[in-house]
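Data first, discussion second: the structure below is written as structure tokens.
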Amino acid sequence: MIKVNKYRTHSCGELRIDHVGTKVKVSGFIENMRDHGGVIFVDLRDQFGMIQLVSNDNSMFSELTKESNICVSGEVVKRSEEMINPKLETGEIEILVNEIEVLGKSKNVLPFEIKESTDVIEDLRLKYRYLDLRNKKVKDNILFRSDVLSFLRNKMNSLGFTEVQTPILTASSPEGARDYIVPSRKHKGKFYALPQAPQIFKELLMAAGFDKYYQIAPCFRDEDGRKDRSPGEFYQLDFEMAYATQEDVFEIGEEVLSETFKKFSKKEVITPFPRITYQEAMLKYGTDKPDLRNPLEIVDLTDFFKNITFPPFINNSVRGIKVENLSTKPNSWFNDLNDYAINNGLKGLGYIKVNDDLSFNGPIAKFLSSEDCQQLISNLNLKPQSVLFFIGDKEEVVSKLAGTIRTALGEKLELIDDSRFKFCYIIDFPMYEYNQEEGKYIFSHNPFSMPQGGLEALENQKIEDIKAYQYDIVCNGIELSSGAVRNHQPEIMEKAFALAGYDKEVLETKFPSLYNAFHYGAPPHAGMAPGLDRMIMLLREEPNIREVIAFPMNNNAQDLMMGAPTEVSEQQLREVHIKVR
RNA sequence: GGUUCCAUAGUGUAGCGGUUAACACGUCUGCCUGUCACGCAGAAGAUCGCGGGUUCAAGUCCCGUUGGAACCGCCA
């Protein structure tokens, strides 16, 4: 594990009963000191573990402070039976100290206690991240991340993928997230941009004849953070395959992710990953990133309510969510849920309770005739004590609102089985979607996806019906990956862009490399890019992505430790031809 | 950009109109030869984020502001 040198013969964690009698030298951090007058105990910590030092001369440690770094020479001695500490891997032995050298002294008052750092307010942890990372739990996340990275690299290599590094300083891309831009010194008024993803480069690698590419790729996006979204930068396992179909990518994606999750977690990983169309996901789960651990499903009741005069639902779409064994909850429970619904954009949350005799009560029951009731019972297989919730609103928003209620019910009723990873592929994303603000159709995901049906579909199908070979991988409600079969034919690109209102010139000027490259005989290709940070976050069951990043920025895209972003000198600004107003 | 919540010794919290702002951990001093969340005795340590207002009286109530977090927007 370690190299023997003047600082140490062993790590703190590796010493065992077999070492009794040997002279050793160890270095590490002072985790704790317990002075008993005639005898003093010191816990010494390094990355590999902890060992207890003991001395009958407490003056040896009198000048020392906790968290100082010291080098200790001594002899490994056996602890008597009753002194063994079973909580410590080195608990059967201790080091009887001969000599101490102070390698680095710590201030006696720390910004926070290392052992309790995860309970400390996050600004402070991030400002003193090097101290926070001394905490075993925090450090273990980063060590774990290293193991996952190593596994992923081995896996991709063994599958025949070639790791290629692509530029960090590149050109701004007009679509998508805001770019981080870097001013050019040599070219006045011009800027580099940090890549939002290596998308264009990996496609160019395909055009260059590389068969399978991957990279643990940094991605930079100037967008606001979330607890599962690191602002500024994050990493993806980016890969792309030539002469590959959507199925080929799915095979690799499932193999890599399921093996990684099986290896690095005790939770059950359900394979094969089910395929759910975007349309079905929006209807059944009210989101394109469904948590399949939640057993509740949404049903479409729009047609059913066509003949029923419940005023709020007239001319609206209606969704239902059936929950069994719920009618005995007190009214206050339903009122709380209704309040939650209203706070989350619903106008109200109607429901019916199914009585033991299969009659209904509840706020909406009186609007339903007995035939209506019969129809609902048989269509939805309603059982006594079930509750059927109704979500009614405009077609554009009703699915999402129903999804909000589905999630809330799943959480409130603790229906989510936390012992599993439930992956799925969301497939058949629409190529375009109508944008109210711009009053036109825009690309709903990636403008470089191949439309299903190719040129023929673009020419003949209604624009809202055109689907792309565009897919996501979702795990436990978290979007882990996007991907697509790419559009590699200039004519199809031209037509695809034309439908979004862009002429050929846009392709030529905004995406010259890709567009030109595809005029020289590119292979069909497809790929995806699972988010590495999110994978680690899921595997470690961390609620916040910053917990799995060594030096994260805060939610406001600041590095509190480095002070970034910082002002720069006038001279630096002059050199890059920038004037700050 | 919007909404909600939060801000009190080094750290984490309590205090919700009325003496000297409390507790735990940490720090410092002293005692202690077997602890490992050591123990015991003592001490230091707080412009209660900042500004204004209400009040006889504000850490506490109100308004503003700053900073943080979560959510919405945004994230091809």
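In our numbering, each number is its position in the first sequence, counted from 1, plus 1073.
Note that the Cβ used here is the ideal one computed from N, Cα and C, for glycine as well.
Residue i (DSSP reduced to helix, strand or coil)
i, result
"Glu1506", "strand"
"Thr1239", "coil"
"Lys1336", "helix"
"Asn1589", "helix"
"Arg1613", "helix"
"Ser1257", "coil"
"Leu1374", "coil"
"Gln1458", "coil"
"Glu1484", "helix"
"Asp1321", "helix"
"Leu1531", "helix"
"Arg1654", "coil"
"Gly1526", "coil"
"Asp1192", "helix"
"Asp1445", "helix"
"Tyr1286", "strand"
Close Cβ partners of residue i (< 8 angstroms) along its chain, the five nearest in sequence each way excluded
i, result
"Lys1151", "Ile1090, Val1093, Glu1165, Ile1166"
"Val1641", "none"
"Gln1534", "Gly1526"
"Asn1434", "Ile1425, Lys1426, Asn1428"
"Ser1303", "Asp1606, Ile1618, Arg1619, Ile1622, Pro1625, Met1626"
Contact set for residue i: own chain, Cβ-Cβ below 7 angstroms, skip 5 residues either direction
i, result
"Lys1340", "Ser1492, Arg1493, Phe1494"
"Leu1633", "Asp1196, Leu1199, Lys1200, Asn1627"
Outcome for residue i when other beta-carbon atoms lying within 10 angstroms are tallied against a minimum of 16
i, result
"His1109", "exposed"
"Val1382", "Here residue 1382 is Thr; the residue named in the question, Val, does not match the sequence. So Thr1382 ends up on the exposed side."
"Gln1645", "exposed"
"Lys1098", "buried"
"Gly1101", "buried"
"Val1182", "exposed"
"Glu1104", "buried"
"Val1252", "Inspection of the sequence shows that residue 1252 is occupied by Asp rather than by Val. So Asp1252 counts as buried."
"Ile1254", "exposed"
"Ile1651", "exposed"
"Met1601", "buried"
"Leu1431", "exposed"
"Thr1401", "exposed"
"Ile1415", "exposed"
"Lys1357", "buried"
C-alpha distance - residue i paired with residue j, whole-angstrom precision
i, j, result
"Lys1395", "Asp1284", "49 angstroms"
"Leu1605", "Leu1232", "18 angstroms"
"Glu1664", "Val1221", "Any answer about residue 1664 is impossible in this case: the structure gives the chain only from 1074 up to 1654."
"Ala1244", "Ala1266", "5 angstroms"
"Pro1345", "Glu1320", "13 angstroms"
"Phe1466", "Met1355", "At residue 1466 the sequence reads Asp, which differs from the Phe that was named. When rounded, the distance between both Cα atoms is 15 angstroms."
"Lys1540", "Ile1194", "46 angstroms"
"Gln1631", "Leu1580", "35 angstroms"
"Glu1511", "Gly1262", "30 angstroms"
"Asn1617", "His1083", "35 angstroms"
"Gly1594", "Glu1236", "23 angstroms"
"Asn1208", "Val1621", "13 angstroms"
"Val1427", "Phe1378", "18 angstroms"
"Pro1347", "Tyr1498", "6 angstroms"
"Phe1224", "Thr1582", "40 angstroms"
"Asp1364", "Val1547", "8 angstroms"
"Val1649", "Thr1639", "16 angstroms"
"Lys1577", "Met1635", "45 angstroms"
"Trp1406", "Ile1489", "19 angstroms"
"Glu1615", "Thr1191", "12 angstroms"
"Asp1130", "Met1106", "13 angstroms"
Beta-carbon proximity list for residue i, same chain, < 6 angstroms, skipping 5 on both sides
i, result
"Lys1212", "Leu1206"
"Lys1178", "Ser1141"
"Phe1217", "none"
"Val1147", "Checking the sequence shown, residue 1147 turns out to be Gly, not Val. Excluding sequence neighbours, Gly1147 sits near Ile1168, Leu1169, Val1170, Asn1171."
"Ala1030", "Shown here, the chain extends from 1074 to 1654; a query on residue 1030 therefore has no answer."
"Lys1300", "Asn1617"
Closer than 7 angstroms: residue i CB and nearest the ligand MG heavy atom
i, result
"Leu1580", "The ligand MG is not among the ligands present in this structure, which contains no ligands whatsoever."
### Query
If we count Cβ pairs, one from each stretch, closer than 8 angstroms, do we get three or more for the region 1164-1171 versus the region 1118-1138?
yes
#### Entry: At least 3 beta-carbon pairs within less than 8 angstroms: the region 1356-1374 vs the region 1388-1402
yes
### Query
So does the region 1565-1576 actually touch the region 1509-1524, counting three or more Cβ pairs closer than 8 angstroms?
yes
### Query
Can we say the region 1264-1280 touches the region 1313-1327, given the rule of at least three CB pairs closer than 8 angstroms?
yes
### Query
How do the region 1323-1331 and the region 1453-1470 stand: do at least 3 beta-carbon pairs fall below 8 angstroms, yes or no?
no
### Query
Taking three-plus beta-carbon pairs below 8 angstroms as touching, is the region 1431-1442 in contact with the region 1375-1391?
yes
### Query
So does the region 1498-1509 actually touch the region 1535-1555, counting three or more Cβ pairs closer than 8 angstroms?
yes
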